[in-house]
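Shown next, in structure tokens, is the structure this report addresses.
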Amino acid sequence: MDTKTWDFRNINAHLPANDDIEEIKRIYQQGGLIALPTETVYGLGGNAKNDEAVKAIYEAKGRPSDNPLIVHIHSMSQLADFTQNISAETLTLMRHFWPGPISFIVPLKPGYLCDRVSGGLSSIAVRMPSHKVGRYILQQVDLPIAAPSANLSGRPSPTLFEHVYQDLNGRVDGIINGDQSEEGLESTVLDCTVFPFRIARPGSITKQMIEDVIPNSVDAVTDYNSDKPIAPGMKYKHYAPDTPLTIIRNFNKVPTTLSEWHKVAFIVPDNKKHLVPQKAQFISLCSDTNDLKEANHNLYSILHRLDNDTNINHAYIYGFNDSEQSNAYMNRLMKAANQQEIEGEDL
Ligand code: TXA
Ligand code: MG
């Protein structure tokens, strides 16, 4: 299959040409797949009403069919088509955080979307992204767009056009370039079919931020690391680079006897650079140890780089101390590092 690409990085200066938009619209309407940028990660989009399109998404990614997709919208008015009985509290949160990096699981109204998109569940995850390009496309196309992260199953989520191209060129109808995803980690997924709500996947919108809007509305217990998580996607094996990756929290415990230091990379904040052994490689994670936003933004592109760089045999990556803000980063990192870590608090 030929994969067409569009470069819309310059959308602030001029809007995409009408012909391009018409072509994209037509491809989605006819059940084709186009990857599009969002502020979290790139998504592999298809018409959520079209069973062939949704089936093709699972095939293109090599994704297990019991792992439901998030439906992307541009307007709250679209909700009435395929959801029902959304609580007043949930609507308050949607109005507060959308467009933005949070998906809400709400009761599904059957009959409008194809059954496959929700993996046979009676609920559906919905998100309204804020990314300039992604949002513009959703508005123009005006369809509910099902979109998992635009990577092959088992690979890191893509935060750059090049990542999507590497994984999906030849497997999808098109890829839209909208520059690097600002956030860099997938959205928070909040289960709103129960109250208090439950976080099914941690992201940059934290429990505290939600409870600042509605006090005491989020269950204290999270189970996304259990065998039976709320979000089926959390149970699958996630990406781990071929290069062995170890989380490092305490530089005093780094082995000092490695022979091939020049093939070892330390992915750490700039203000920890002085602790990196002289002969080892330094990769900047973020400017300082407080800058989680930047670490989130960079994480997946650094993981992509590890597998493309034959000069790195082993990598140590900085583990932030446990906090609400570090939850999403550490959740992704523990999976990438197969739980390998050097214990101890950061000093
Ligand atoms: O930031 C994001 O959320 C990105 C961008 C493209 O929007 N999308 C994304 O989709 O990460 P995906 O398919 O890779 O992850 C969706 C997660 C999975 O863990 C899935 O199991 C969960 O959401 N999920 C979706 N629908 C659900 C439902 N009805 N009940 C429970 N979990 C659900
Ligand atoms: Mg994914």
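Start counting the sequence shown at 1387; every next residue gets the next number (our numbering). The beta-carbon is built from N, C-alpha and C at its ideal position, and this holds for glycine as well.
Best match in 1674, 1402 and 1616 for proximity to residue 1454 [C-alpha to C-alpha]
The closest CA to that of residue 1454, considering only 1674, 1402 and 1616, is found on 1616.
Does residue 1458 come out as helix, strand or coil in the three-state DSSP assignment?
Shown here, residue 1458 sits in a strand according to DSSP, grouped into three states.
Which residues DSSP lists as bridging residue 1654, in chain order
Note: residue 1654 is bridge-paired with 1670 in the DSSP secondary-structure output.
Can you tell me whether residue 1751 is buried or exposed, with buried defined as 16 or more other CB within 10 angstroms of its CB?
One cannot answer for residue 1751 here, as it falls past the ends of the chain, which runs 1387 to 1733.
Residue burial classification, residue 1620 (beta-carbon count within 10 angstroms, cutoff 16)
Counting every other CB atom within 10 Å of its CB across the protein chains shown gives residue 1620 a total of 16 or more, marking it as buried.
Residues of its chain near residue 1654, where Cβ-Cβ distance is below 6 Å and the 5 sequence neighbours each way are ignored:
Cβ contact annotation for residue 1654 (same chain, cutoff 6 Å, sequence separation greater than five): 1671 and 1704, in chain order.
Can you list, in chain order, every residue whose CB sits closer than 7 Å to a heavy atom of the ligand MG?
Residues flagged by the Cβ proximity filter: 1534, 1535, 1537, 1543, 1572 and 1619.
The segment 1655-1663 contacting the segment 1720-1728, beta-carbon criterion three pairs below 8 Å
Note that the segment 1655-1663 does not touch the segment 1720-1728; fewer than 3 beta-carbon pairs, one per stretch, sit closer than 8 Å.
Measuring CB to CB, does residue 1598 end up less than 9 Å from residue 1586?
No.
Helix, strand or coil for residue 1484, going by three-state DSSP, please let me know.
Note: residue 1484 maps to coil in three-state DSSP.
Three or more C-beta pairs under 8 Å: does that hold for the segment 1403-1411 against the segment 1485-1504?
When Cβ pairs closer than 8 Å are counted between the two stretches, the segment 1403-1411 is seen not to touch the segment 1485-1504, the count staying below three.
Based on the DSSP output, what are the partners of residue 1700 in its beta bridges?
Residue 1700 pairs with 1650.
Distance, residue 1717 Cα to residue 1662 Cα:
Cα-Cα distance, rounded: 24 Å.
Given a cut-off of 9 Å, decide if residue 1581 and residue 1680 are closer than it, judged by their beta-carbon atoms.
No; because the gap between Cβ atoms is not below 9 Å, this pair is not in contact.
Rounded to the nearest angstrom, what separates residue 1452 and residue 1466 at their Cα positions?
Taking the straight line joining both Cα atoms gives about 25 Å.
Using beta carbons (cut-off 9 Å, strictly below), is residue 1706 in contact with chain B?
Checking the listed chains, one finds no chain B in this structure; it contains a single protein chain.
In its own chain, which residues sit with a C-beta less than 8 Å from the C-beta of residue 1624, not counting the 5 before and 5 after it?
Answer for residue 1624: 1540, 1718, 1721 and 1722, listed in chain order.
So what's residue 1640 in DSSP terms, helix, strand or just coil?
In the three-state scheme derived from DSSP, where H, G and I count as helix and E and B as strand, residue 1640 is classed as coil.
Under 8 Å by Cβ, that's how I've got residue 1610 and residue 1588 pegged, so tell me the actual separation to the nearest angstrom.
That belief holds up - the Cβ atoms of residue 1610 and residue 1588 are roughly 7 Å apart, short of 8 Å.
Got a sec: does the ligand TXA put a non-hydrogen atom nearer than 8 Å to the Cβ of residue 1507?
Yes, Cβ of residue 1507 sits closer than 8 Å to a heavy atom of the ligand TXA.
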